[in-house]
Amino acid sequence: MLDKEALLDEECLIIRTSGEIPEVAFYGSIYYLTSDPAGPQLALADDDICSLAEMVVERYRLIILRDLTPENRRQRIYRGVGRAAVNWQRLRKFCAGRSLSTENLKLELAAALLNFLEQEINEVLLQRLAPSSLNCPPATLALLAGDLGLSPDNLPAGWQALCPPA
885 MLDKEALLDE
895 ECLIIRTSGE
905 IPEVAFYGSI
915 YYLTSDPAGP
925 QLALADDDIC
935 SLAEMVVERY
945 RLIILRDLTP
955 ENRRQRIYRG
965 VGRAAVNWQR
975 LRKFCAGRSL
985 STENLKLELA
995 AALLNFLEQE
1005 INEVLLQRLA
1015 PSSLNCPPAT
1025 LALLAGDLGL
1035 SPDNLPAGWQ
1045 ALCPPA
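For the sequence shown, our numbering assigns the number 885 to the initial residue and increments by one for each residue that follows.
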């Protein structure tokens, strides 16, 4: 007899630790659990699918925060604010298709973006310790900030100078 809860927990872990596009793992998990001839052929309830979808949100959260964490800027794992903006759009689209809210996540990501920009301004413009790590034009950063509930007035002075030209 198959333990449905254990199988769902395993698939949730797979999604949470998946790569850069977690919705691919989400759909793979649903296929494996329900339709794959080698899978358990489960009938998933809405709550089961919601649990899997929540792991997609969590994985995107981790990916976006990785790219908004100043300590990661000089690390191999860092993909940049430009990639964070792309992943935010993917997450929004995924959540909109499932009526999942991103409001709590927006607050956390907005705070992370502000912290990132403040540290980047301090190290790049004020102390001149390193070149800017921003990899997106000002319009992309402004759009991300706006999506996260930040107006241009909320962003630290000088942020545009950190961005490469469009």
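Where is the CB? At the ideal position from N, CA and C, for every residue including glycine.
### Task
Report the residue from C1020, R958 and L991 whose alpha carbon sits nearest the alpha carbon of G1033.
L991
### Query
Taking the alpha-carbon positions, what's the L912 to S1035 distance?
For the sequence presented, residue 912 should be read as Gly rather than Leu. Between G912 and S1035, the C-alpha separation is close to 38 Å.
### Task
Could you say which of K977, D887 and R957 lies nearest to A927 if we only look at CA atoms?
D887
### Message
Using only CA atoms, which one of P1021, P906, A1045 and L897 lies nearest to V965?
### Response
P1021
### Message
Classify T901: buried if its beta carbon has 16 or more other beta carbons within 10 angstroms, exposed otherwise.
### Response
exposed
### Message
Let me make sure I understand the geometry here. Which of E938, S935, Y962 and M939 has the alpha-carbon closest to that of I948?
### Response
Y962
#### Entry: 8 Å Cβ cutoff met for W1043 and L1001
yes
### Neighbourhood of I905 by C-beta, 8 Å cutoff - its chain only, sequence neighbours within 5 removed
R974
### Message
Using 8 Å as the threshold, is the C-beta distance between L936 and E987 below it?
### Response
no
### Message
Classify E889: buried if its beta carbon has 16 or more other beta carbons within 10 angstroms, exposed otherwise.
### Response
exposed
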